[in-house]
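Just so you know, we're using the UniProt record's numbering here: the sequence shown kicks off at 1 and counts up by one.
Ideal Cβ positions, reconstructed from N, Cα and C, are used throughout, including at glycine.
This one's a predicted model, so the numbers in the text were calculated from it and none came from an experiment.
Please read the structure below before turning to the comments.
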Amino acid sequence: MRGFDLTPYRRSTVGFDRLFDLIENNARLQQADNYPPFNIERLSDDRYRVTLAVAGFRTDEIDITAQQNLLQVTGRKEESQGGDRARFLHVGIANRSFERRFELADFVRVEKADLADGLLIIELVREIPEAMKPKKIAINGGQLVDINGKDRDAA
């Protein structure tokens, strides 16, 4: 996959450095390991689901860490003894350790995670704080009104 040249955009924008870095880093990571396979679904405007295929992993072998804008899923498998490998005639199910990272937008948090039938399902929700929601300002009234038309000073 070819890289992106974002130089023209970097010259004409201010404050989007993090976004451009994410795009460039993601392009490099796409060429890297694709294990375990995953899906990302948008369930609604503020709800998302990440599903990872982690066949062969137990709940105690998987760690999920959410920190600021990063979701990190790590699976640790102990190295199997040589005797275990000798039983298999063919090993087609990947059973190796992994680390998968997902960059999260602001105010996106992990709601819950479930492991069933070899699929790790992580539910995400975006919750914008009340202070960050848009507010309408009445020009002649001098009072704050939220976007639903309610008087914010009447509380």
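Between the C-alpha atoms of Arg126 and Asp106, what's the straight-line distance to the nearest angstrom? 8 Å
DSSP three-state label for Ile40, please. strand
Only counting the same chain, and skipping five residues up and downstream in sequence, which positions put a Cβ closer than 6 Å to that of Arg47? Val125
So, does the segment 114 to 134 touch the segment 35 to 55, judging by three or more C-beta pairs under 8 Å? yes
Identity of the residues DSSP links to Asp63 by a beta bridge: Thr74
In its own chain, which residues sit with a C-beta less than 6 Å from the C-beta of Phe98, not counting the 5 before and 5 after it? Tyr35, Pro36, Gly75
Taking 8 Å as the limit between beta carbons, can you name the residues of its chain near Thr59, skipping five residues before and five after? Leu115
Distance check for Lys136 and Arg109, CA to CA, integer angstroms please. 27 Å
For Ala113, I'd like the list of residues in its chain whose CB is within less than 8 Å of its CB, leaving aside the five on either flank, ordered along the chain. Ile64, Leu120, Ile121, Ile122, Glu123
Taking the alpha-carbon of Ile40 as reference, which of Glu103, Phe88, Ala86, Pro8 has the nearest alpha-carbon? Glu103
Neighbourhood of Pro129 by C-beta, 6 Å cutoff - its chain only, sequence neighbours within 5 removed: none
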